[in-house]
Amino acid sequence: MTYSSLSKRFSKHSYFCGWYFRCQSDKQTLAIIPSVHKTKDSAFCTIQVITDTHAFHVQFPFDDLGEDDDQIRISNNRFGKSGFSLDIHTPEFHVAGSVHFGAFTPIKYDIMGPFQYIPFMQCRHSVYSMHHRVDGEIQVNGVPYVFENAVGYVEGDRGCSFPKEYAWTQCSFPDGALMLSVADIPLGCLHFTGVIGVVLLHGKEYRLATYLGAKAVKIKDSEVIVRQGRLCLTVKRLGSPGHPLQAPVGGAMTRTIHEHPSCKVYYRFTDGDVTLLELEAPNAAFEYEY
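Here it is in structure tokens:
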């Protein structure tokens, strides 16, 4: 989304728009969430930095938002398809450095499917790259996060609020990558449990989605099971709940959620009696708000 379209959208409604950049090496994980917000009383930008052990949040004036050479700029920080650079210094938090991305691996079509055309949805999700190469270094409070031929993932959200209840996970592994989101979706006075997910395995994309018949048959104790015809994806967090993060409600960052950017998660993906993928990933991302 370009700066000009952001400016037009933010002039009319309470709204948020954010991007999620995840960089994963064999030893370290770093997630960066730049976002833009407008409420009835104010407009501002935020950047959240999530490491294996900590999470940091910094707010910026809305006037710090701009666009340079196809990159979104928030103050001295830039984010785009080619990578991102950070230069943030507060009394409690210092982060600086840059990473470069290789070619993105996009999904075949919009993850929202036909739901992308429904107006007034609470939150819309985008998947920009399932995996790509990451190289560079970011210093976070003096700790170097070094990425050399590492792997990245990029997604985004926009709307007015995060879902009241949801579970989300993302993982990259040698033969591919996956993401899954299961959430309570309000549409007027009705609610339903929506499913969107992609398993990219050996170059083949498997799509799991409500609009394709997917249903969440279990959401309990940090475990989610989704079925769609012969396909079944099981996801279970084996690690700790994660770090507190801020999330939008009515455009404002007034909600606390929990994400672990690098924890142990069990995945099993089957097609009938055939197991296509089974692993305990030591450094998967996971959020569980049920």
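Under this note's numbering, the letters of the sequence shown match residues 1 to 290, in that order.
Cβ atoms here follow ideal geometry from the backbone N, Cα and C, with glycine treated the same way.
Fair warning: this is a prediction, and the values are worked out from it, not measured in the lab.
Cβ distance (whole Å) where residue i is taken to contact residue j below 8 Å
| i | j | result |
| --- | --- | --- |
| residue 239 | residue 264 | 4 Å |
| residue 159 | residue 56 | With 8 Å as the limit, residue 159 and residue 56 do not qualify as a contact, their Cβ atoms being about 24 Å apart. |
| residue 116 | residue 22 | Rounded, the Cβ-Cβ distance is 23 Å, inconsistent with contact. |
| residue 129 | residue 154 | 5 Å |
Short CB-CB distance (under 8 Å) between residue i and chain B
| i | result |
| --- | --- |
| residue 233 | Absence of chain B from the displayed structure is noted, only one protein chain being present. |
Straight-line gap, residue i to residue j (C-alpha atoms, nearest Å)
| i | j | result |
| --- | --- | --- |
| residue 88 | residue 144 | 15 Å |
| residue 133 | residue 285 | 18 Å |
| residue 274 | residue 234 | 14 Å |
| residue 223 | residue 69 | 42 Å |
| residue 211 | residue 47 | 33 Å |
| residue 135 | residue 161 | 33 Å |
| residue 203 | residue 226 | 22 Å |
| residue 59 | residue 137 | 23 Å |
| residue 90 | residue 141 | 10 Å |
| residue 157 | residue 41 | 22 Å |
| residue 72 | residue 282 | 32 Å |
| residue 236 | residue 172 | 16 Å |
| residue 232 | residue 269 | 6 Å |
| residue 272 | residue 278 | 14 Å |
| residue 62 | residue 14 | 14 Å |
| residue 124 | residue 163 | 10 Å |
| residue 93 | residue 110 | 36 Å |
| residue 38 | residue 81 | 24 Å |
| residue 2 | residue 139 | Only weak support exists for where residue 2 lies, its pLDDT of 46 falling under 50; the coordinates are left without a value. |
| residue 27 | residue 45 | 30 Å |
| residue 149 | residue 131 | 12 Å |
| residue 319 | residue 29 | This structure does not reach residue 319, given that the chain is present from 1 up to 290, and the question cannot be answered. |
| residue 244 | residue 86 | 21 Å |
| residue 174 | residue 54 | 26 Å |
| residue 276 | residue 256 | 36 Å |
Sub-8 Å separation of residue i and residue j beta-carbons
| i | j | result |
| --- | --- | --- |
| residue 83 | residue 101 | yes |
| residue 176 | residue 200 | yes |
| residue 104 | residue 19 | no |
| residue 64 | residue 74 | yes |
| residue 195 | residue 208 | yes |
| residue 43 | residue 261 | no |
| residue 259 | residue 107 | no |
| residue 190 | residue 267 | no |
| residue 147 | residue 25 | yes |
| residue 165 | residue 67 | no |
| residue 36 | residue 127 | no |
| residue 34 | residue 76 | no |
| residue 280 | residue 168 | no |
Q) Is there contact here, the region 115–123 with the region 84–100, by at least three beta-carbon pairs under 8 Å? A) Taking a cut-off of 8 Å for Cβ pairs, the region 115–123 and the region 84–100 do not touch, as fewer than three such pairs fall below it.
Q: Tell me, please, whether the region 170–183 touches the region 213–230 by the rule of three or more beta-carbon pairs shorter than 8 Å.
A: Yes, the region 170–183 touches the region 213–230.
**Q.** 3-residue-minimum beta strand (DSSP E) runs that sit fully inside the region 98–174, ordered along the chain
**A.** Within the region 98–174, complete beta strand (DSSP E) segments of at least 3 residues are found at 123–140, 143–159, 166–173, given in chain order.
(Q) To test your reading of the DSSP string, which unbroken beta strand (DSSP E) runs of 3 or more residues are found completely within the region 23–66? (A) DSSP runs (the beta strand (DSSP E)) wholly in the region 23–66: 29–38, 43–50, 55–61.
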